[in-house]
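Heads up, the thing below is written out as structure tokens.
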Amino acid sequence: MAGPEKKLERSKSGLRMIPVADSDTSPFSLPEPPWVPDDECKQCQNCRAKFDFFKRRKHHCRRCGKCFCNNCCQEKVNLPRMLFLDPVRHCQVCTDISRKEEDFFEKHIKSLQNGGYFLVSDSDIGQDQGSLFFTKLSPNHRHLLFEGDSDKHEPIVIEKIDTLQILPSGKDDEGNTIAGGIAIKYTDSTGGVNVVRMMVDAGGNRKPGQIWIASMQKAFKMLYDARSK
9 MAGPEKKLER SKSGLRMIPV ADSDTSPFSL PEPPWVPDDE CKQCQNCRAK FDFFKRRKHH
69 CRRCGKCFCN NCCQEKVNLP RMLFLDPVRH CQVCTDISRK EEDFFEKHIK SLQNGGYFLV
129 SDSDIGQDQG SLFFTKLSPN HRHLLFEGDS DKHEPIVIEK IDTLQILPSG KDDEGNTIAG
189 GIAIKYTDST GGVNVVRMMV DAGGNRKPGQ IWIASMQKAF KMLYDARSK
């Protein structure tokens with residue numbers, strides 16, 4: 009599947025590569041925040057230093073839109089969640105957040121798009137009656153896609169996932185639970201609520217599937233945190 013068509017856009021914060029169609033917008037992306045107007049910026053939002061004749065230089069954090077002095081807003085880091093091409097100015101709090109998210113986009117999104125083999129079954133049938141599918145995240149991050157040799161399974165809309173549960177398959181030598189699969193509760197295209205169980209293919213290399221599950225946990229947490237705000 010080809011990736012979404014994109015276009016280059018220049019905003020007051022920098023250059024962004026955004027989807028041409030709104031329907032291709034990643035559910036993991038965020039819109040640019042409105043900037044606090046300059047005439048309302050009386051002091052740095054971090055150190056509380058007042059902007060006056062001696063401290064006139066002020067900056068807006070590209071992630072939160074608040075005003076800061078130069079010392080408190082001098083870091084330039086990548087902001088993939090807002091689709092910026094180059095590193096942009098951040099305040100100290102937002103710097104830590106964006107660096108963690110950059111790790112998500114660099115590692116976990118790629119893992120989800122690389123996919124893995126799972127024995128997939130719906131809630132109304134047993135796991136032993138499931139079918140083998142290669143499951144991956146779509147190029148625009150909006151769907152989980154299931155590719156099978158004969159059977160079919162409708163794509164799952166990422167934003168329609170309600171809950172996610174890890175299905176254990178034992179413990180390792182140190183007593184840690186080993187993820188053997190994942191159960192996803194979601195709303196389908198007809199409005200019905202379903203649960204799909206995806207067990208790591210025991211007949212092949214289990215590691216890609218387990219890495220995929222760990223990445224799916226990270227993705228769901230990001231979506232859940234965004235919903236909670």
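Numbering-wise, this note's numbering comes out as the position in the sequence shown, counting from 1, plus 8.
C-beta: ideal position from N, C-alpha, C; glycine also.
Just so you know, these numbers come straight off a predicted model, no measurement behind them.
(message) Can you look up Glu155 in the DSSP assignment and give me helix, strand or coil?
(response) Glu155 falls in the strand class under three-state DSSP.
(request) Would you check if the segment 214 to 230 and the segment 106 to 123 touch, i.e. whether three or more CB-CB distances between them fall below 8 angstroms? (result) The segment 106 to 123 vs the segment 214 to 230: in contact.
(request) For Phe142, write down the residues that DSSP places opposite it in a beta bridge. (result) Answer is Tyr125, Glu155, bridged to Phe142.
(request) Check whether the Cβ atoms of Tyr125 and Leu140 sit closer than 9 angstroms, and answer yes or no. (result) Less than 9 angstroms separates the beta-carbon of Tyr125 from that of Leu140.
(message) Under DSSP, the beta strand (DSSP E) around Glu110 begins and ends at which residues?
(response) Segment 100 to 111 is the alpha helix (DSSP H) holding Glu110; no beta strand (DSSP E) there.
(request) Determine the extent of the alpha helix (DSSP H) in which Leu231 is found, giving its start and end residues. (result) In the DSSP annotation of this structure, the continuous segment of the alpha helix (DSSP H) that includes Leu231 starts and ends at 215 to 236.
(message) Mapping the DSSP letters down to three states, classify Glu48 as helix, strand or coil.
(response) DSSP places Glu48 in helix when its eight states are reduced to three.
(request) Taking 9 angstroms as the cut-off, decide whether the C-beta atoms of Val101 and Leu87 are in contact. (result) 9 angstroms or more divides the Cβ of Val101 from the Cβ of Leu87.
(message) Judging by CA-CA distance, which residue of Lys193, Ala191, Ser37, Ile26 is the nearest neighbour of Ala234?
(response) Its Cα nearest to that of Ala234, the residue Ser37 stands out among Lys193, Ala191, Ser37, Ile26.
(request) State the DSSP-derived secondary structure class of His116, mapped to helix, strand or coil. (result) Residue state, collapsed to three classes: helix.
(request) Inspect the beta-carbon positions of Ile164 and His151 and report whether they are closer than 9 angstroms. (result) Contact: yes.
(request) Using the Cα positions of Lys14 and Phe61, report the straight-line distance between them to the nearest angstrom. (result) As the crow flies, the alpha-carbon of Lys14 is around 44 angstroms from that of Phe61.
(request) Could you give the DSSP three-state label for Ser177: helix, strand or coil? (result) Strand.
(message) Considering Cα atoms alone, identify which of Glu110, Phe76, Cys81 is closest to Phe92.
(response) Out of Glu110, Phe76, Cys81, Glu110 has the C-alpha closest to the C-alpha of Phe92.
(message) Less than 9 angstroms between CB atoms is the rule here; does Pro27 satisfy it with respect to chain B?
(response) The displayed structure is made up of one protein chain only, and chain B is not part of it.
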